[in-house]
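Peer 1:
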Amino acid sequence: MFMQNEIEGIKARNARVEADKAWETSITRRIIIAIATYICIAVFLVLINAPNPYFNSLVPTAAYILSTLSMPFLKNFWIKNFYKK
Numbered sequence: 002m003f004m005q006n007e008i009e010g011i012k013a014r015n016a017r018v019e020a021d022k023a024w025e026t027s028i029t030r031r032i033i034i035a036i037a038t039y040i041c042i043a044v045f046l047v048l049i050n051a052p053n054p055y056f057n058s059l060v061p062t063a064a065y066i067l068s069t070l071s072m073p074f075l076k077n078f079w080i081k082n083f084y085k086k
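If you number the sequence shown the way our numbering does, the last residue is 86 and the count never jumps.
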């Protein structure tokens, strides 16, 4: 009985970890953060009377989106040339 409870606990934890990982890598999360970034920066730029605040808010938003890309060719290069176990 104890082993069964342990196994069920491990399965429940694994399900939570898988759900967290799915959220962290989801396109939905990236879109929500990109939109929030755009809105926050746009509001800030409007408040300080910066020129073209709505257009200039695209720069940090695009930088965030770019930072979330996996870029497999760069990843493979890094693994082959820099990763050491």
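Glycine included, every Cβ here is placed at the ideal spot set by N, Cα and C.
For residue 58 and residue 42, which I take to be in contact (beta-carbon distance under 8 Å), what is that distance rounded to the nearest angstrom?
Peer 2: Contact flag correct, Cβ pair sits at about 4 Å.
Peer 1: On the DSSP letters alone, give me the boundaries of the alpha helix (DSSP H) that residue 4 sits inside.
Peer 2: 3-25 is the span of the alpha helix (DSSP H), which, as asked, contains residue 4.
Peer 1: Taking the CB atoms as reference points, tell me whether residue 62 and residue 29 lie closer together than 7 Å.
Peer 2: Cβ atoms of residue 62 and residue 29: not closer than 7 Å.
Peer 1: Which residue wins for smallest C-alpha separation from residue 66, given the options 86, 85, 52, 36?
Peer 2: For residue 66, the nearest C-alpha among the options comes from 36.
Peer 1: Going by DSSP in three states, residue 64 sits in which element: helix, strand or coil?
Peer 2: Residue 64: helix per DSSP, three-state reduction.
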